[in-house]
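Have a look at the structure below before the remarks.
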Amino acid sequence: MTTTSRTTSATSATSTTSTAGTTGTAGTPVLHDCRTAFAATLLELAAADERIVAVCNDSVGSSALGAFAAAHPDRLINVGIAEQTMVGVGAGLAGSGRIPFVCAASPFLTGRALEQIKADVAYSRANVKLCGMSPGLAYGQLGPTHHSIEDLAWLRALADLTVVVPADPAETAEAVRWAYAHDGPVFLRIGRTPVPDLEPRIPFSPGRAAVLRQGSDITLVGAGTTVAVVLEAAERLAARGIAARVLNMSTISPLDEQAVLDAAEQTRAIVSVEEHTVRGGLGGAIAETVVTRRPVPMRILGVPGVFAPTGTSRFLFEHFGLTAEGAERAALELLEPLEPLEPLGGTP
């Protein structure tokens, strides 16, 4: 087995948040809220193009639109708590030549307005940029009504809707710029859970997975917040002499099927990790490709088809094993022959 080294280790689901820099005072990675990069990029684009408008559902603060509202009060439309109207307004604005960024907490944008997203945006190929804020388990303590763990499954099922999940601030900024330039509907899943800057830095390319680490034994795939998780898991596997390939699958639809097929042919197994239910999200998309074109052992880590309990996002990540330790364990269980493992956290 061969190994490929990298220099940065990342820890998921911690509570420290910053907006600049990559290393904290104690040598730990500085973590970021990707909404900050989203807001700064949108403001920059709006200064240069008056066609850009923001539409939200009484979520100026949680969508990080405060600076946009101050700079362009006539270009921010707050419809109140009326998500179906919000998406319809966005589609109408697109029809008149505007470029609307429709922003709301992802469970409400996607769940309450799914019919409007399907008919008014995707089917109509309206030039609307749907921005699902604070997705996954970010609203952990507000409970299952605020957990957005089905949004990827719902939206990737729609034809003609590109679904993008940026993994760090730099990729978030690039994805926003690409969405602005792209003539067609896009869903951006903008994370709130703090994440580190990724290394190596690979520019966002729509529809393409970024190979963050080469490896020939197993492939680990993440998207959004879980990319840092699988990178750390690869480090842990390298210490065992196992070379793990790491993919950042930032576009969920259309999926980079060639990257998946390469992984299936060139490594022995695939583990995906997602801040989402295991039904129909990142792992489901990969499994559809693997099963039909190149069967290979696979494990999907995510919320296992249940409503998550109430707790902090960090607690929930650990509760469901969406950690470097959990991904490492899944990889070891797939790679045969295996020795019995110690329980996570040591012997009771």
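Numbering-wise (my numbering), the sequence shown opens with residue 31 and increments by one. Just so it is clear, CB atoms sit at the ideal spot from N, CA and C, and this is done for glycine as well. Since this is a predicted model, take the numbers as computed values, not measurements.
- Under the DSSP assignment, I107 falls in the beta strand (DSSP E) whose first and last residues are L106 to N108.
- A direct Cα-to-Cα measurement between L228 and A264 gives close to 14 Å.
- Scanning D286, A211, R81 and P59 for the CA closest to the CA of P130 turns up R81.
- In the three-state reduction of the DSSP assignment, A156 falls in the coil class.
- Only residues of its own chain outside the window of five on either side were considered, and among them N87 and D88 have a CB closer than 6 Å to the CB of I111, listed in chain order.
- The beta strand (DSSP E) runs of length 3 or more contained entirely in the region 138 to 210 are, from start to end of the chain, 159 to 163 and 192 to 194.
- In the three-state reduction of the DSSP assignment, H62 falls in the strand class.
- Residue pairing for V301: DSSP places it in a beta bridge opposite L250 and R329.
- In the DSSP assignment, S283 falls within the unbroken beta strand (DSSP E) covering T281 to S283.
- Contact between P230 and L191 is absent: CB atoms are separated by about 30 Å, not below the 8 Å threshold.
- Close CB contacts of R128 within its chain, under the 8 Å cut and outside five residues either way in sequence, are with R81, I82 and V83 (chain order).
- Per DSSP, the beta-bridge partners of R219 are G162.
- The DSSP-derived three-state label of A338 is coil.
- By DSSP's assignment, F131 forms a beta bridge with A84 and K159.
- Apart from the 5 residues on each side of it in sequence, A274 sits with its Cβ closer than 6 Å to the Cβ of G245, I248, L250, A264 and L267 in its chain, given in chain order.
- Judged by pairs of C-beta atoms under 8 Å, the region 133 to 141 does not touch the region 300 to 309, as fewer than three such pairs exist.
- T281 places its beta carbon less than 8 Å from that of P236.
- Residue range E113 to G125 is occupied by the alpha helix (DSSP H) that includes A124.
- The bridge partners DSSP lists for V276 are R243 and L250.
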